[in-house]
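Below is one structure, written out as structure tokens, with a few remarks after it.
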Amino acid sequence: CECEPYLTTDHRTMVEYPERVQQGIRIMMQCLDVDRTMIGIERNKPDAIEAIQATLPTDLDVTVHPLTVKYPQGAEKMLIEALVAREVPSGKLPLDAGVVVQNVASVATIAEVFETGMPLIERIVTVTGRGIRRPSNLIVPVGTKLRDLLDACDGLKEDAFEIVFGGPMMGAAQADLDTPILKGTTGVVVLAESEVKAKESHPCIRCGHCLDACPVFLNPQLLGSLAKAERWEEMEASHLMDCMLCGCCSYVCPSNIPLSQLFQLAKAALRKRKAA
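Start counting at 1 in the sequence shown, then tack on 2, and there's your number in our numbering.
What follows is the structure, given as structure tokens:
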């Protein structure tokens, strides 16, 4: 289930379509030839936990595990650590740890595809935030324009200032209302002007807050310095590619250094250099 603020697509999917989720699990277990499935749901979603537990199959080893409410609990590596106490090796995938992780929406979609024969042509999108008049979860066709989603929620408030695809921590700001919804678009967050006051960046004060906040135990302060200096080999050796761009380091930085944005650009540059 998603752990970013504002987003509720996975939450509502579990509450409103629990049978579809269970059918998707059954299909995946058969296709992957696995014996056990563990469903991790944060404790602040008791209605989702109840709905999924009430529809658990009796002939399969499927269990529900309430998890501590913390960000980014929904990330693959965090879920694996919380549920099976395994660590995904640096640069590797969950499969290398003997685990397959699937999002609730994907599991429900698999069941729907098998049931109807239709490909993924629509998805649930959360449209919310202080800047939208009527926050909603909408089922919309992939390719729907952003402006049409906003109109379906009665439009923007007067103090709407920034529109983000995804959540406020990992999302991307949008500048064009004709931008389409993609199959991976989980939400549209409309932030009010009071929430998006730009702050001036200052030099790093070596406080260490970013090290404490990093969920994958990287050194954001070091990586930030290397990124600014474009020292690519040292960044890769310092495991930059393990960064999940969760935004925790940027959020806690008292100097307002946009660390997550630096890492996003640096990771793209590293991939480009490798492909050259």
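Beta carbons are placed, not taken as given, at the ideal position from N, Cα and C, and that holds for glycine. This one's a predicted model, so the numbers in the text were calculated from it and none came from an experiment.
Roughly how many angstroms separate the alpha carbons of residue i and residue j, rounded to a whole number?
i	j	result
Lys274	Glu21	43 Å
Ala268	Leu81	26 Å
Val254	Gln223	12 Å
Met16	Ile165	26 Å
Gly173	Tyr73	14 Å
Cys209	His241	21 Å
Leu225	Asp161	36 Å
Glu197	Arg136	18 Å
Pro96	Tyr19	27 Å
Ile54	Asp61	15 Å
Gly42	Lys79	13 Å
Asp37	Val64	9 Å
Pro59	Thr111	18 Å
Lys276	Lys94	17 Å
Gly119	Trp234	46 Å
Gln176	Lys185	17 Å
Pro121	Gln104	18 Å
Using a Cβ-Cβ cut-off of 7 Å (strictly less than) and excluding sequence neighbours within five positions of residue i, which residues of its own chain qualify?
i	result
Ala8	Position check: residue 8 holds Tyr in this sequence, whereas Ala was assumed. Excluding positions up to five away in sequence, the list reads Thr128, Thr130, Gly131, Gly169, Pro170, Gly189, Val191.
Leu34	Val102
Pro143	Ile123, Glu124
Phe116	Ile29
Glu238	Leu272
Thr10	Thr128, Asn139
Leu261	Cys212, Pro222, Gly226, Cys251, Ser252, Cys255
Thr57	Pro20, Glu21, Gln24
Pro91	Asp98
Ala278	none
Ala270	none
Can you give me the Cβ contacts of residue i inside the same chain, cut-off strictly under 8 Å, excluding the 5 residues immediately before and after it?
i	result
Glu83	Glu89
Arg149	Leu179, Asp180
Val106	Cys3, Asp12, Thr15, Met16, Val23
Pro182	Val144, Gly145, Thr146, Lys147, Leu148
Pro205	Ser257
Lys236	Looking at the sequence itself, residue 236 is Glu, so the reference to Lys does not match. Answer for Glu236: Leu228, listed in chain order.
Can you give the beta carbon distance from residue i to residue j, rounded, assuming they're within the 8 Å contact cut?
i	j	result
Met282	Val109	The first residue shown for the chain is 3 and the last is 278, placing residue 282 beyond what the model contains.
Cys250	Ala77	Cys250 to Ala77, Cβ: 11 Å. No contact.
Ile207	Ser138	The pair is not a contact, with the Cβ atoms about 42 Å apart (cut-off 8 Å).
Ala113	Gln25	4 Å
Phe163	Ala194	6 Å
Leu158	Ile134	6 Å
Arg187	Phe167	Correcting the residue identity first, residue 187 is Thr in this sequence and not Arg. Their Cβ separation, rounded to whole angstroms, is 6 Å, which keeps Thr187 and Phe167 in contact under 8 Å.
Thr39	Ile27	5 Å
Ser203	Ile259	5 Å
Given residue i, which residues of its chain have a CB within under 6 Å of its CB, disregarding the five upstream and five downstream residues?
i	result
Arg14	Asn139
Cys5	Tyr73, Pro74, Gln75, Gly76
Met279	As shown, the chain starts at 3 and ends at 278. That puts residue 279 outside it, with no answer to give.
Asp244	Ser92, Val218
Gly100	none
### Message
Three Cβ pairs or more, each shorter than 8 Å: is that satisfied between the region 68-76 and the region 41-60?
### Response
yes
### Message
Which runs of the alpha helix (DSSP H) at least 4 residues long sit entirely within the region 49-134? Give them in chain order.
### Response
78-86, 106-118
### Message
With a threshold of 8 Å, are at least 3 pairs of Cβ atoms found where one atom belongs to the region 150-167 and the other to the region 215-235?
### Response
no
### Query
Where in the region 181-239 do unbroken runs of the beta strand (DSSP E), each at least 3 residues long, occur, reported from the N-terminal end onward?
189-194
### Meets three-Cβ-pair contact criterion under 8 Å: the region 222-240 and the region 258-265
yes
### Query
Which whole runs of the beta strand (DSSP E) in the region 20-45 are 3 residues long or more, in chain order?
38-44
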